[in-house]
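Visitor:
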């Protein structure tokens, strides 16, 4: 099993943490895990559903100088499906084009934007640096990369500060899609678990609360950037499974599926730490310990 390097206490995602900002905070896209948890941790923020993007202009005029977090994405569970191309295109690019048009029109009312992207733009990269060549090997990754370029080029000559954040494997909070969640669910419900490529793939896992802490710091940072949002620690999927099995004191029935996927995806966090300071990352063991405690206490999973 992989050694798990960084250890910190698990923090319940429902604990609110106050933040004081000089500007109003607007969150574009309200259904995702990150947006929901941002609203909990920054209760004064206003969520704008992506389908109401046309309302952004009037909200900016009433709110005054604002910082915006753009979290629009196609529903994770539908990414592999191809039965709704119009919806896929709308959430991937159409809403973004409307958003950028509004930003250009109301530039004087926008202080900064955090644009949520994905580590998928790197492809197979054992220690991805922001300066590394991108290698988009899927439709999802290609659209993320093109979206980065689209917003960056259109806002390049404006006064708006732009932070592009490439999030690695996020879990926790309201997550019901990540491999961490799937492992916990399989152990809780005593179901079999399907490993991809025998679980040898290495991933960088980061808790949603750590992402929010980074976003809060970026909301106070006044120079544009493109940053990896990860822990900097790579763990094999089979290593995570074995860790969880030890905490639950249960062995999963495992099946295997062979797929063509990146073998390693891990973040270099040098630029992140230089930008926002040191982060004491939440350890995945705390997530599994919390889930197991709820089962023992007879609570919800």
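Residue numbers (my numbering): 22 to 322. Don't be surprised by glycine CBs; every beta carbon is placed ideally from N, CA and C.
Mapping DSSP to helix, strand and coil, what is residue 141?
Guide: Residue state, collapsed to three classes: helix.
Visitor: In the structure shown, what three-state DSSP assignment does residue 146 receive?
Guide: Strand at residue 146.
Visitor: For residue 287, which of helix, strand or coil comes out of DSSP?
Guide: Strand, per DSSP.
Visitor: Quick check on this structure: which residue in 253, 184, 147 and 89 has the alpha carbon closest to the alpha carbon of residue 1?
Guide: Residue coverage of the chain in this structure runs from 22 to 322, which leaves residue 1 outside it and unanswerable.
Visitor: For residue 205 and residue 306, I'd like the C-alpha separation in whole angstroms.
Guide: Rounded to the nearest angstrom, the two C-alpha atoms are 11 angstroms apart.
Visitor: Out of 112, 85, 82 and 104, which one is the CA nearest neighbour of residue 91?
Guide: Of 112, 85, 82 and 104, the residue nearest in Cα terms is 112.
Visitor: By Cβ distance, which residues of its chain are closer than 6 angstroms to residue 163, with the 5 residues on each side in sequence left out?
Guide: Once the five neighbours on either side are set aside, the close Cβ partners of residue 163 are 157.
Visitor: So for residue 179, helix, strand or coil by DSSP?
Guide: Coil, per DSSP.
Visitor: Return the chain-ordered list of same chain residues with a C-beta closer than 8 angstroms to the C-beta of residue 292, the five sequence neighbours on each side being excluded.
Guide: If we look at residue 292 and ignore the five residues flanking it on each side, its Cβ neighbours are 150, 151, 246, 248 and 249.
Visitor: What does DSSP give as the partner residues of residue 313 in its beta bridges?
Guide: None, per the DSSP bridge assignment.
Visitor: Near residue 169, what residues of its chain come up, given a Cβ to Cβ distance below 8 angstroms and the 5 sequence neighbours on each side ignored?
Guide: Excluding positions up to five away in sequence, the list reads 136, 138, 142, 185 and 247.
Visitor: By a C-beta neighbour count over all protein chains shown, 10 Å radius and 16 as the cutoff for buried, is residue 225 buried or exposed?
Guide: Buried, because 16 or more other Cβ atoms sit within 10 Å of the Cβ of residue 225.
Visitor: Residue 274: buried (16+ other C-beta within 10 angstroms of its C-beta) or exposed?
Guide: The residue in question, residue 274, is exposed, as its Cβ has fewer than 16 Cβ neighbours within 10 Å.
Visitor: For the segment 195–235, which segments carrying the beta strand (DSSP E) assignment without a break, of at least 3 residues, lie completely within its bounds, in sequence order?
Guide: List check, beta strand (DSSP E) in window: 214–217 and 223–228.
Visitor: Under a Cβ-count criterion, where at least 16 other Cβ atoms within 10 Å of its own Cβ denotes burial, should residue 228 be classed as buried or exposed?
Guide: Looking at its Cβ environment, which holds 16 or more other Cβ atoms inside 10 Å, residue 228 is buried.
Visitor: Does the distance from the C-beta atom of residue 93 to that of residue 71 stay below 8 angstroms?
Guide: Yes.
Visitor: Helix, strand or coil for residue 302? Go by DSSP, reduced to three states.
Guide: Looking at residue 302 - three-state DSSP - the assignment turns out to be coil, as it is neither helix nor strand.
Visitor: Please look up how many angstroms separate the CB atoms of residue 68 and residue 51, rounded, as I've assumed it's under 8 angstroms.
Guide: Correct: roughly 4 angstroms between the Cβ atoms.
Visitor: Could you give the residue range of the alpha helix (DSSP H) that holds residue 262?
Guide: It spans 258–269 - the alpha helix (DSSP H) in which residue 262 sits, taken as one unbroken run.
Visitor: Where residue 55 and residue 233 are concerned, what is the direct C-alpha to C-alpha distance, given to the nearest angstrom?
Guide: One C-alpha to the other measures close to 8 angstroms.
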